[in-house]
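Q: Residue numbers (the working numbering): 416 to 777. Using N, Cα and C, we set each Cβ at its ideal position, and we do this for glycine too.
#1: Report yes or no: do the segment 490–500 and the segment 519–527 share at least 3 C-beta pairs separated by less than 8 Å?
#2: Use the C-beta contact count for residue 584: other C-beta atoms within 10 angstroms, 16 or more gives buried, fewer gives exposed.
#3: Use the C-beta contact count for residue 548: other C-beta atoms within 10 angstroms, 16 or more gives buried, fewer gives exposed.
#4: Which of the three DSSP states is assigned to residue 538 in this structure?
#5: Does residue 498 pass the burial test, meaning 16 or more other C-beta atoms within 10 Å, or should it be called exposed?
#6: Tell me, please, whether the segment 527–544 touches the segment 633–653 by the rule of three or more beta-carbon pairs shorter than 8 Å.
#7: Tell whether a beta-carbon distance below 8 Å holds between residue 593 and residue 625.
#8: Going by C-alpha to C-alpha distance, which of 513, 484, 588 sits closest to residue 531?
#9: Please look up how many angstroms separate the CB atoms of residue 512 and residue 628, rounded, as I've assumed it's under 8 Å.
#10: What are the start and end residues of the alpha helix (DSSP H) that includes residue 520?
#11: From what residue to what residue does the beta strand (DSSP E) around residue 747 run?
#12: For the pair the segment 596–615 and the segment 568–583, tell me if three or more CB-CB distances fall below 8 Å.
#13: Apply the 10 Å Cβ neighbour rule to residue 693 and answer buried if 16 or more other Cβ atoms are within range, or exposed otherwise.
#14: Should residue 410 go down as buried or exposed, given a rule of 16 or more other Cβ atoms within 10 Å for buried?
#15: In angstroms with no decimal places, state the Cα-to-Cα distance between residue 377 and residue 553.
#16: With DSSP collapsed to three states, give me the class of residue 618.
#17: Quick one, which of 509, 562, 639 has its alpha-carbon nearest residue 517's?
#18: Over what stretch of residues does the beta strand (DSSP E) that includes residue 510 continue unbroken?
#19: Determine the DSSP secondary structure at residue 359, reduced to helix, strand or coil.
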């Protein structure tokens with residue numbers, strides 16, 4: 416009897432587990448309701464089609480190099496700029512310019528984490544700019560990354576002094592990721608503050624705006640292009656097929672090549688579609704997606720991503736949709752989120768060797 420009771424209340428018993436999480440889920444829902452009612456985080460009705468281009472989650476500086484395909488030449492071009500000793504300015508700037516989904520941030524991450532680059536700079540800093548291009552906010556973000564200090568309530572004059580002190584006589588690398596603001600006056604004000612440094616310092620900017628690239632660069636902006644046919648297929652193979660190899664069904668492989676051709680060499684589109692098709696095993700399902708995809712305008716990334724979402728299994732759609740309850744830039748606790756999904760029945764256990772937690776994490 417004792418063993419039965421203990422087994423009933425173990426985490427492997429789903430009835431008991433959901434009951435145990437019931438109060439937590441209720442509390443979370445109540446908190447989210449308060450947030451929405453009070454508009455504490457300025458939550459508002461989302462119109463994803465119009466917002467997704469301009470707003471995204473904060474980027475970070477790390478990417479596993481083995482996960483990136485087809486950007487070796489681009490990486491070498493940016494590194495050549497970073498290591499160029501003939502450049503006269505103390506701090507020189509290059510902009511990586513390209514449409515959404517091409518991998519501008521990924522390219523910057525590859526360069527930022529390169530071992531040679533790490534050895535070449537005394538200080539490396541990564542700042543996600545997005546829509547928040549004000550001199551004060553960027554100075555705060557740069558200092559926060561460089562020093563990890565608490566900068567709340569600090570006067571702008573003190574922030575400037577601390578920044579100059581931090582980069583003084585240092586050779587630094589600063590990545591300003593996802594810049595949108597085309598106000599050249601703001602950039603000039605920031606650049607003055609960033610000029611008190613050792614010769615050889617470099618700033619890498621990523622942006623979709625050609626105008627931003629022209630304003631901020633001291634050299635010719637680097638225009639990032641899509642992947643070629645072979646590299647596009649290599650990336651698709653890696654994410655769409657089991658074990659990263661071409662499907663044994665030659666018909667599915669041929670359908671896949673037609674799909675990839677329409678992706679326009681955009682890595683985000685290739686990855687998104689490939690991951691979605693990974694869950695579809697029949698030739699009929701692949702053909703059905705190809706027919707739908709053929710109706711999407713060429714190089715129009717938003718309808719493509721929406722189509723990929725529409726083709727997800729219903730439980731995965733629910734997982735994605737639940738994330739909209741959180742405000743922009745909110746740091747979601749992964750363990751808590753998975754527990755919510757599990758309690759709401761969104762996590763489906765297709766592999767008996769995996770726990771629900773492992774399934775939710777994967």
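A: Result, derived from the coordinates:
#1: Yes, since at least three Cβ pairs between the segment 490–500 and the segment 519–527 fall closer than 8 Å, the two stretches touch.
#2: Here residue 584 corresponds to residue number 169 of the chain shown, with the count starting at 1. Exposed, since its Cβ has fewer than 16 Cβ neighbours within 10 Å.
#3: In the chain shown, the residue the question calls residue 548 occupies position 133. Flag for residue 548 reads buried.
#4: Looking up residue 538 in the chain shown gives position 123. It is a strand residue.
#5: Within the chain shown, the letter at position 83 stands for residue 498. The residue is exposed, with fewer than 16 neighbouring Cβ atoms inside 10 Å.
#6: Counting Cβ pairs under 8 Å, fewer than three are found: no touch.
#7: Locating residue 593 in the chain shown gives position 178, counting from the first residue. Locating residue 625 in the chain shown gives position 210, counting from the first residue. Judged by their CB atoms, residue 593 and residue 625 are not nearer to each other than the 8 Å cut-off.
#8: The residue you call residue 531 lines up with position 116 of the chain shown. Of the candidates 513, 484, 588, the residue whose Cα lies closest to the Cα of residue 531 is 588.
#9: Here residue 512 refers to the residue found at position 97 when the chain shown is read from its first residue. Here residue 628 refers to the residue found at position 213 when the chain shown is read from its first residue. Right, their Cβ atoms sit about 4 Å apart.
#10: The residue labelled residue 520 in the question sits at position 105 within the chain shown. Annotation: the continuous alpha helix (DSSP H) that includes residue 520 extends over 519–527.
#11: Translated into positions along the chain shown, residue 747 becomes position 332. Per DSSP, residue 747 is not a residue of any beta strand (DSSP E), being assigned neither H nor E.
#12: Counting C-beta pairs with one atom in each stretch, the segment 596–615 and the segment 568–583 have three or more that are closer than 8 Å, which means they touch.
#13: Translated into positions along the chain shown, residue 693 becomes position 278. Counting of Cβ neighbours within 10 angstroms places residue 693 among the exposed residues, the total staying below 16.
#14: Here the chain comprises residues numbered 416 to 777, so residue 410 is not present and cannot be evaluated.
#15: Because the chain in this structure spans residues 416 to 777, residue 377 falls outside the shown range and cannot be described.
#16: The count along the chain shown starts at 1 and reaches residue 618 at position 203. If DSSP states are grouped into helix, strand and coil, residue 618 belongs with the strands.
#17: Locating residue 517 in the chain shown gives position 102, where the first residue counts as 1. Scanning 509, 562, 639 for the CA closest to the CA of residue 517 turns up 639.
#18: Start at 1 with the first residue of the chain shown, and residue 510 comes out as number 95. Taken as a continuous stretch (DSSP letters only), the beta strand (DSSP E) holding residue 510 covers 506–512.
#19: Outside the modelled stretch of the chain, which goes from 416 to 777, sits residue 359, for which no answer is possible.
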